[in-house]
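Colleague: Just dropping this structure here.
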Amino acid sequence: MRAVTVPFFISHQGCPHTCVFCDQRAISGSRGNLPDRQRIRAAIGSWQRSAAGRPLEVAFFGGSFTALPEQVQNELLAPVHPFLESGVVRSIRVSTRPDCLDGAVVRRLAGQGVAAIEVGVQSMDDAVLALSGRGHDAAASEAALRCIRGEGLAAGAQLMPGLPGDTPAGALRSLERVIAAGAAFVRLYPVVVLGGTELAQRYQAGEYRPLDREEGIALCKQLLHKAMRAGIDVIRIGLQAGDGLNSATVLAGCWHPALGQLVRSELYFDLLRQLTASLPHDAPFRVACHPSRLSDVIGQKRRNLDRLRPSGALIPVRPDDSLLAEEVMVEYLEQYFRGSIVTDLNYNISEV
Ligand code: SF4
215 MRAVTVPFFI
225 SHQGCPHTCV
235 FCDQRAISGS
245 RGNLPDRQRI
255 RAAIGSWQRS
265 AAGRPLEVAF
275 FGGSFTALPE
285 QVQNELLAPV
295 HPFLESGVVR
305 SIRVSTRPDC
315 LDGAVVRRLA
325 GQGVAAIEVG
335 VQSMDDAVLA
345 LSGRGHDAAA
355 SEAALRCIRG
365 EGLAAGAQLM
375 PGLPGDTPAG
385 ALRSLERVIA
395 AGAAFVRLYP
405 VVVLGGTELA
415 QRYQAGEYRP
425 LDREEGIALC
435 KQLLHKAMRA
445 GIDVIRIGLQ
455 AGDGLNSATV
465 LAGCWHPALG
475 QLVRSELYFD
485 LLRQLTASLP
495 HDAPFRVACH
505 PSRLSDVIGQ
515 KRRNLDRLRP
525 SGALIPVRPD
535 DSLLAEEVMV
545 EYLEQYFRGS
555 IVTDLNYNIS
565 EV
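In structure tokens form, the structure reads like this:
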């Protein structure tokens, strides 16, 4: 049963750096105060009541957990332990910088119930990392991911396509390298330029241009596709709408409150376009897909169907639970064309 996440934002706490894109206060909507024992207990209790029996996972996001003084880390983890022992909380996850952990740190955290560590990798290109003021290189990320995995924990990698100096091919290589280093899951955060950051100054001075939404979606669909082919979970695409982001804080970049759905939907569109390519113009075909994927296949505001049939003629879409979630089937007269976004789609990097 999938766990319900109980999030605590430790905004910028523990982090000695200022990456050019980072304004953790805007991202987390928090002023950066660490939650105290009472707040942690109360939040878990509250989530427990609304989780309807599902297990909880406590997550400390933002900042760099392992850069906090060890005593502070212990104070954050200790209130969770009774809930771990009672089974209310299944596991804990933390996020941190790649240069703030080693085997001893990972073992200490594992001994306190931490089961997953997410590493802010952003890019595996040293030039991109330097231009972004990250203060570490790709080798540090590789070592961190290998270390976490080697100690038996789940390693996660956060990637940020579109940073200064990055290219679509470079972003795809970054994904390949974190997968090779042992990442079990990734988050994709295409760059969003936030007011008050150094990146905002560069953007306003005309020295930097982020991926716009369409470019970000075109790249993220290829990243998602590559991850799916490798059997890697992409647990998030794009910053969350509730992360303190709004038109006042977001100056530019690839941001949409439902970016993940837009990206997934593109995979189904590309597959449908491929499967219908040989049909006569305006052929009256129908589409079937797994019930859980209806909205992805249809697209927001029926965008996928409208693009497949510019004349506006109706394309019926029916749910079919005999299909896998990643499959669609095109039905035309007595012919059936079945395909999978994982195994039947092929992308060329020049399409990005
Ligand atoms: S390491 Fe993380 S918290 Fe620190 S400045 Fe960079 S992005 Fe922000």
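Here the sequence shown is numbered in this note's numbering, starting from 215 and rising by one per residue. Think of the CB as a built atom: it goes at the ideal place given N, C-alpha and C, for glycine as much as any other residue.
Hey, how far is the Cα of S244 from the Cα of F222?
Modeller: Unreliable placement is indicated for S244, whose pLDDT of 47 sits below 50; the coordinate value is still reported in the next sentence. Taking the straight line joining both Cα atoms gives about 10 Å.
Colleague: In whole angstroms, give me the CA-to-CA distance for F297 and P230.
Modeller: Taking the straight line joining both Cα atoms gives about 31 Å.
Colleague: Within a Cβ cutoff of 7 Å, which residues of the same chain sit near A466, ignoring the five residues on either side of it in sequence?
Modeller: For A466, where only same-chain residues beyond five positions count, the Cβ hits under 7 Å are V407, Y417 and P424.
Colleague: Which class does E299 belong to by DSSP, given the choice of helix, strand or coil?
Modeller: In this structure, E299 counts as helix in the three-state DSSP scheme.
Colleague: Check whether the Cβ of F235 sits closer than 8 Å to any heavy atom of the ligand SF4, and report yes or no.
Modeller: For the ligand SF4, at least one heavy atom lies less than 8 Å from the Cβ of F235.
Colleague: Once DSSP output is grouped into helix, strand and coil, what is the label at G452?
Modeller: Residue state, collapsed to three classes: coil.
Colleague: If you run the structure through DSSP and keep just helix, strand and coil, what is Y561?
Modeller: In this structure, Y561 counts as coil in the three-state DSSP scheme.
Colleague: Can you tell me whether T280 sits near the ligand SF4, meaning its C-beta is under 8 Å from at least one heavy atom of the ligand?
Modeller: For the ligand SF4, not one heavy atom lies less than 8 Å from the Cβ of T280.
Colleague: What do you get for Y422, buried or exposed, if any count of 16 or more other CB atoms within 10 angstroms of its CB means buried?
Modeller: Burial call: buried.
Colleague: In chain order, what residues of the same chain have a beta carbon less than 7 Å from the beta carbon of A414, not counting five sequence neighbours either side?
Modeller: Closer than 7 Å at Cβ, skipping near neighbours: V407, L408 and L465.
Colleague: Does the ligand SF4 have a heavy atom nearer than 8 Å to the CB of R570?
Modeller: Given that the chain is displayed from residue 215 to residue 566, the structure contains no residue 570 and the question cannot be resolved.
Colleague: How many Å lie between H295 and P269 at the Cα?
Modeller: Answer to the nearest angstrom: the Cα atoms are 14 Å apart.
Colleague: What distance in whole Å lies between the Cβ atoms of A273 and R307, which are believed to be in contact at a cut-off of 8 Å?
Modeller: Yes, R307 and A273 are in contact; Cβ-Cβ is about 5 Å, under 8 Å.
Colleague: From the DSSP output, read off the bridge partner residues of P533.
Modeller: In the DSSP output, where bridge partners are listed per residue, P533 has C503.
Colleague: Quick one: which unbroken beta strand (DSSP E) runs of 3-plus residues sit fully inside the stretch 326–359? Chain order, please.
Modeller: Correct list: 328–336.
Colleague: Between R348 and the ligand SF4, is there a pair consisting of the residue's CB and a ligand heavy atom that are separated by less than 8 Å?
Modeller: At least one heavy atom of the ligand SF4 is nearer than 8 Å to the Cβ of R348, so yes.
Colleague: Rounded to whole angstroms, what is the Cα-Cα separation between S300 and N288?
Modeller: Using only the alpha carbons, I get a separation of about 19 Å.
Colleague: Could you spell out where the alpha helix (DSSP H) holding R516 opens and where it closes?
Modeller: Per DSSP, R516 belongs to no alpha helix (DSSP H) and is neither H nor E.
Colleague: Please look up how many angstroms separate the CB atoms of I555 and E540, rounded, as I've assumed it's under 8 Å.
Modeller: Right, their Cβ atoms sit about 5 Å apart.
Colleague: With 16 as the cutoff for other CB atoms within 10 Å, does P505 come out buried or exposed?
Modeller: Exposed, since its Cβ has fewer than 16 Cβ neighbours within 10 Å.
Colleague: May I have the straight-line CA-CA distance separating R363 from L323, to the nearest angstrom?
Modeller: Looking at the two C-alpha atoms, the distance is approximately 13 Å.
Colleague: How many angstroms separate the CA atom of S388 from the CA atom of E548?
Modeller: Approximately 44 Å between the Cα atoms of the pair.
Colleague: Would you mind stating whether C434 and P471 have Cβ atoms separated by less than 9 Å?
Modeller: Contact: no.
Colleague: Check the C-beta distance from A368 over to V392 and give it rounded, since I have them as a contact under 8 Å.
Modeller: Incorrect: roughly 13 Å between the Cβ atoms, too far for contact.
Colleague: Which residues in the same chain as E545 place their Cβ atom closer than 7 Å to its Cβ, once the five residues preceding and following it in sequence are excluded?
Modeller: Only F499, R500 and A502 meet the Cβ criterion.
Colleague: CB-CB under 8 Å to Q475, same chain, minus the five flanking residues each way: which ones, in chain order?
Modeller: Closer than 8 Å at Cβ, skipping near neighbours: S509, D510 and Q514.
Colleague: Report whether the distance from the Cβ of H226 to the nearest heavy atom of the ligand SF4 is below 8 Å.
Modeller: Yes - the ligand SF4 has a heavy atom lying nearer than 8 Å to the Cβ of H226.
Colleague: Using DSSP with H/G/I as helix, E/B as strand and the rest coil, what is S554?
Modeller: S554 falls in the strand class under three-state DSSP.
Colleague: For the alpha helix (DSSP H) that contains P382, what are its first and last residues?
Modeller: Run containing P382: P382 to A394, per the alpha helix (DSSP H) assignment.
Colleague: I need the straight-line Cα distance from V234 to A292, nearest angstrom please.
Modeller: If I take the Cα positions, the gap works out to 33 Å.
Colleague: What I want to know is whether the C-beta of R253 ends up closer than 8 Å to one or more non-hydrogen atoms of the ligand SF4.
Modeller: No, the ligand SF4 has no heavy atom inside 8 Å of this Cβ.
Colleague: For A352 and R450, what's the separation of their Cα atoms in angstroms?
Modeller: Cα-Cα distance, rounded: 22 Å.
Colleague: Looking at E365: is its Cβ nearer than 9 Å to the Cβ of V335?
Modeller: Cβ atoms of E365 and V335: not closer than 9 Å.
Colleague: Between the alpha carbons of F551 and R443, how many angstroms are there, rounded?
Modeller: Their backbone Cα atoms lie some 21 Å apart in a straight line.
Colleague: What is the DSSP secondary structure of A368, reduced to helix, strand or coil?
Modeller: Three-state DSSP puts A368 in a strand.
Colleague: Looking only at its chain, what residues have a beta carbon closer than 6 Å to the beta carbon of E412, apart from the 5 residues adjacent to it on each side?
Modeller: Closer than 6 Å at the Cβ level, and outside the excluded window around E412, lie V234.
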